[in-house]
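Colleague: Using numbering that gives the first Met the number 0, the letters of the sequence shown correspond one by one to residues 0 to 293.
Mind looking over this structure? Questions follow.
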Amino acid sequence: MTGKIKSQRLRNYLRDPSALIGSFLLVIFFFCAVFAPLLAPMDPYDLTTVDLGNFLLPPAWMDGSVASFPLGTDDQGRGILSTILYGLRTSLIVGFSVVTISSVVGIVLGMLAAYYGGILDALIMRLADTVFAFSTTLLAVLLLGAFETRGIATVIFAICIANWVKYARTIRGSVLEIKDNAYVVAARASGAGDGRILFRHILPNALPPIFVVMAVDLAVAIMLEATLSFLGVGVPLTEPSMGMMISIGKNYIYAGMWWLTLFPGATLIFLVVAINLFSDWLRDELNPKLARQT
């Protein structure tokens, strides 16, 4: 039965143009991020390779360009293409780290709240309601403002503090539906401990909705990192970030230096669109109601 479901999902995947396009774009972005040091014409954050004489050079097809900078340079003489490639690494590192940490914390807390109920459930859910009452961006800005040091790890931690609630609520709802099923009752009657019941019998059946949340949340986390860097509270100037590139480029828009914001902005858009295309297919595949209709 499991093999039949997997085969059907593979056929659905191959027949879905949106999923194929999204996956193709994601593979390209992952490849560029992983091999950025090999693909980039220069290391934009190595001061020995940066020359201020290359200040605000236009893209290769415009007058005054330099062939070694196909997408032009920024106000520090760094190649836009190289900075985007390194910035992709930051975006994906932050995105996957946030999704992984937030999901683990949210899943554990949500499962405990649903399984044991009572005071524990009330405490965890009231904490979740308190966090959820604040805008994720605002809460992340407040947390980052309270930290003395700035860096990728700090940004990840701040976003995770504000981001675990959706996982806790999603898994709690799934566990509440599952915990009284016959196979769970049978496992409890056979003497299985709470840990075994939670992680062996309940969690595997409660995960499909979480996978959808994770896929969608990856794009949200990437955009949130770019937003924080754009506002100047994200990664420091010594770290690559497309949000930081857009923030710097906005100061030169009216001077006609459009490439400073267009290329990193377009890269972010295509990355988020690719993730959303794939997550839409995943949502349809893991939706039991849709699965019964096919």
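Glycine is no exception: its CB is placed at the ideal position from the N, C-alpha and C atoms.
#1: How many whole angstroms separate the CB atoms of Gly-248 and Thr-226, which I take to be in contact at a CB cut-off of 8 Å?
#2: Decide if Ser-6 is buried, meaning its Cβ has at least 16 other Cβ atoms within 10 Å, or exposed.
#3: Could you work out which residue in Ala-167, Leu-111, Arg-88 and Val-107 is closest to Leu-38 when comparing CA atoms only?
#4: Beta-carbon within less than 8 Å of Gly-109's beta-carbon, same chain only, minus the 5 sequence neighbours each way: which residues are those?
#5: Check each candidate in Pro-207, Phe-29 and Ala-185 and name the one with the smallest Cα separation from Phe-95.
#6: In the DSSP output, what is Thr-72 paired with across the bridge?
#7: Please report the straight-line C-alpha distance between Leu-261 and Gly-255, rounded to a whole angstrom.
#8: For the alpha helix (DSSP H) that contains Ser-173, what are its first and last residues?
#9: What does a CB cutoff of less than 8 Å around Lys-178 pick up in its chain, not counting 5 residues either side in sequence?
#10: From what residue to what residue does the alpha helix (DSSP H) around Trp-280 run?
#11: Does Glu-147 pass the burial test, meaning 16 or more other C-beta atoms within 10 Å, or should it be called exposed?
#12: Is Arg-187 helix, strand or coil by DSSP?
#13: What three-state label does DSSP hand Tyr-44 in the structure shown?
#14: Quick one: residues in its chain with C-beta nearer than 7 Å to the C-beta of Arg-291, no 5 flanking neighbours on either side, listed in chain order?
#15: Is the beta carbon of Leu-70 less than 9 Å from the beta carbon of Ala-273?
#16: Could you tell me which of Val-97, Ile-160, Val-65 and Val-103 sits nearest to Leu-206, measuring between CA atoms?
#17: Return the first residue and the last residue of the alpha helix (DSSP H) that Met-124 is part of.
#18: Hey, out of Tyr-85, Leu-55 and Gly-21, whose CA is closest to Val-294's CA?
#19: Tell me, to the nearest whole angstrom, how far the beta carbon of Val-98 is from that of Leu-217; I am working on the premise that it is less than 8 Å.
#20: If you count every other CB in all the chains shown that lies within 10 Å of the CB of Arg-77, and 16 or more means buried, which is it?
#21: Determine the direct distance from the alpha carbon of Phe-54 to that of Ile-92, and round the result to whole angstroms.
#22: To the nearest angstrom, report how far apart Ala-161 and Gly-21 are at their CA atoms.
#23: Give me the Cα-Cα distance between Ile-268 and Ser-240, rounded to the nearest whole angstrom.
#24: What does the alpha-carbon distance come out to for the pair Gly-116 and Phe-133?
#25: Consult DSSP for Glu-224 and reduce its assignment to one of helix, strand or coil.
#26: State the start and end residues of the unbroken alpha helix (DSSP H) segment that holds Ala-66.
#27: Give every residue of the same chain whose Cβ lies closer than 8 Å to the Cβ of Trp-280, excluding the five residues on either side of it in the sequence, and list them in chain order.
#28: List the endpoints of the continuous alpha helix (DSSP H) containing Ala-139.
Modeller: Taking the coordinates as given:
#1: At roughly 15 Å, the Cβ-Cβ gap does not stay under 8 Å, so Gly-248 and Thr-226 are not in contact.
#2: Result: exposed.
#3: For Leu-38, the closest alpha carbon among the candidates Ala-167, Leu-111, Arg-88 and Val-107 is that of Arg-88.
#4: Within the same chain, Gly-109 has close Cβ partners Ile-123, Tyr-166, Ala-167, Arg-168, Thr-169, Ile-170, Arg-171 and Val-174.
#5: With distances taken between Cα atoms, Phe-95 lies closest to Phe-29.
#6: Its beta-bridge partners are Gly-78.
#7: If you take the alpha carbons of Leu-261 and Gly-255, they lie about 12 Å apart.
#8: Ser-173 -> alpha helix (DSSP H) spans 164-177.
#9: The beta carbon of Lys-178 lies closer than 8 Å to those of Ala-113, Tyr-114 and Ile-201 in the same chain, with the five residues before and after it left out.
#10: Annotation: the continuous alpha helix (DSSP H) that includes Trp-280 extends over 258-285.
#11: Looking at its Cβ environment, which holds fewer than 16 other Cβ atoms inside 10 Å, Glu-147 is exposed.
#12: In this structure, Arg-187 counts as helix in the three-state DSSP scheme.
#13: Judged by DSSP in its simplified three-state form, Tyr-44 adopts coil rather than helix or strand.
#14: Because the pLDDT of Arg-291 is 40, which lies under 50, any placement of that residue in the model is unreliable, and the question is left without a value.
#15: The answer is no: Cβ separation not under 9 Å.
#16: The candidate whose alpha carbon is nearest that of Leu-206 is Val-103.
#17: It spans 117-131 - the alpha helix (DSSP H) in which Met-124 sits, taken as one unbroken run.
#18: There is no way to answer for residue 294, as the model of the chain reaches only from 0 to 293.
#19: In this structure Val-98 touches Leu-217 by the C-beta definition: roughly 5 Å separates them, less than 8 Å.
#20: Under this definition Arg-77 is a buried residue.
#21: Going by the C-alpha atoms only, they are around 29 Å apart.
#22: If you take the alpha carbons of Ala-161 and Gly-21, they lie about 28 Å apart.
#23: Just so you know, the alpha carbons of Ile-268 and Ser-240 end up roughly 14 Å apart.
#24: Each residue's alpha carbon lies about 25 Å from the other.
#25: Of the three classes helix, strand and coil, the one that applies to Glu-224 here is helix, per DSSP.
#26: Counting along the chain, Ala-66 falls outside any alpha helix (DSSP H), and DSSP gives it neither H nor E.
#27: Result list for Trp-280: Asn-11, Tyr-12, Asp-15, Ser-17, Ala-18 and Gly-21, in chain order.
#28: It spans 135-145 - the alpha helix (DSSP H) in which Ala-139 sits, taken as one unbroken run.
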